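>
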Amino acid sequence: MHPSFLHSPGWRVMSVAESCQLCREAGGEVLWQDERCRLVLVADADYPGMCRVVWKRHVSEMTDLDNADRSHLMSVVFAAEKAVRATARPDKVNLASLGNVVPHLHWHVIPRWRDDRHFPGAVWGPPMRDSRDRPAVAGAVLREAFVRSLAGEPA
Ligand SMILES: [Zn+2]
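What follows is the structure, encoded as structure tokens:
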């Protein structure tokens, strides 16, 4: 950025809420939320049922949360994992919290199949093979399984 830009009259510092994608947007189709976090479905035909659990307040690391919030977030992540297993029937589930691109605390819950595009690599890596046709997972179905899991019932 040219130094003169910093002093131009129209320039001001953007707030976190303005500059952070997950402060501005849900990050997917909202399936469920409470006052602390939300579960969103990510539309990706290669990974039906893939979802994210997004902490609502802008923090970047798990250790920015106190113990009670941390436990709450993980109980939501694990209920989401159970729901993904019950509805998408994957061979494996990947749980990941990276935040290198969007440093706003969120967990990815990713169903994996041995013949999916990236297996056994991470879904963000180079593809290993072509896409396979997979049955879609409806948001409403995933939501019902999630709510059951969160209540401690079988998904
Ligand atoms: Zn944010």
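Okay, so the sequence shown: first residue is -8 according to my numbering, each after it adds one. All residues carry an ideal CB built from backbone N, CA and C; glycine is no exception. Everything numeric in this text was worked out from a predicted model, so none of it was measured.
1) If you draw a straight line from the alpha carbon of residue 87 to that of residue 120, how long is it in whole angstroms?
2) Taking the alpha-carbon positions, what's the residue 9 to residue 90 distance?
3) DSSP three-state label for residue 20, please.
4) Looking at the unbroken alpha helix (DSSP H) that takes in residue 58, where does it start and where does it end?
5) Residues with a Cβ closer than 5 Å to any heavy atom of ligand 1, in chain order?
6) Count the other CB atoms within 10 Å of the CB of residue 43; is the residue buried (16 or more) or exposed (fewer)?
7) Runs of 3 residues minimum, wholly inside the segment 8 to 53: which ones carry the beta strand (DSSP E) assignment?
8) Residues in the same chain with beta-carbon distance under 8 Å from residue 51, minus the five sequence neighbours each way, listed in chain order, please.
9) Is the segment 12 to 19 close to the segment 51 to 68, with three or more CB pairs under 8 Å?
10) With the cut-off set at 8 Å, would you say residue 20 and residue 130 are in Cβ contact?
11) Should residue 25 be labelled buried (16 or more other beta-carbon atoms within 10 Å of its own) or exposed?
12) Assign residue 127 to one of two classes, buried (16 or more other C-beta atoms within 10 Å of its C-beta) or exposed (fewer than that).
13) Using beta-carbon positions only, say whether residue 71 and residue 32 come within less than 8 Å of one another.
14) Please classify residue 83 as buried or exposed, where buried requires at least 16 neighbouring CB atoms within 10 angstroms.
15) Measuring CB to CB, does residue 108 end up less than 8 Å from residue 37?
16) Are residue 40 and residue 78 closer than 8 Å when you measure CB to CB?
Taking the definition as stated:
1) Inter-residue distance for residue 87 and residue 120 is about 22 Å (C-alpha atoms, whole angstroms).
2) Straight-line Cα distance between these residues: approximately 17 Å.
3) The DSSP-derived three-state label of residue 20 is strand.
4) Its alpha helix (DSSP H) spans residues 58 to 79.
5) These are the residues, in chain order, with a beta carbon less than 5 Å from any non-hydrogen atom of ligand 1: 11, 13, 14, 49, 95.
6) Counting Cβ neighbours within 10 Å, residue 43 comes out buried, since at least 16 surround it.
7) Counting only runs of 3+ residues, the beta strand (DSSP E) found wholly inside the segment 8 to 53 occupies 20 to 24, 28 to 32, 42 to 46, in chain order.
8) Taken in chain order, the residues that qualify are 90, 94, 95, 96.
9) With contact defined as three or more Cβ pairs closer than 8 Å, the segment 12 to 19 and the segment 51 to 68 are not in contact.
10) A contact, by the Cβ cut-off of 8 Å.
11) By the neighbour-count rule (16 or more Cβ atoms within 10 Å), residue 25 is not buried but exposed.
12) Its Cβ having fewer than 16 others within 10 Å, residue 127 is exposed.
13) In this structure, residue 71 lies away from residue 32, with their beta-carbon atoms at least 8 Å apart.
14) Residue 83 counts as exposed, since fewer than 16 other C-beta atoms from the protein chains shown sit within 10 angstroms of its C-beta.
15) Yes.
16) Yes, these two residues count as a Cβ contact at 8 Å.
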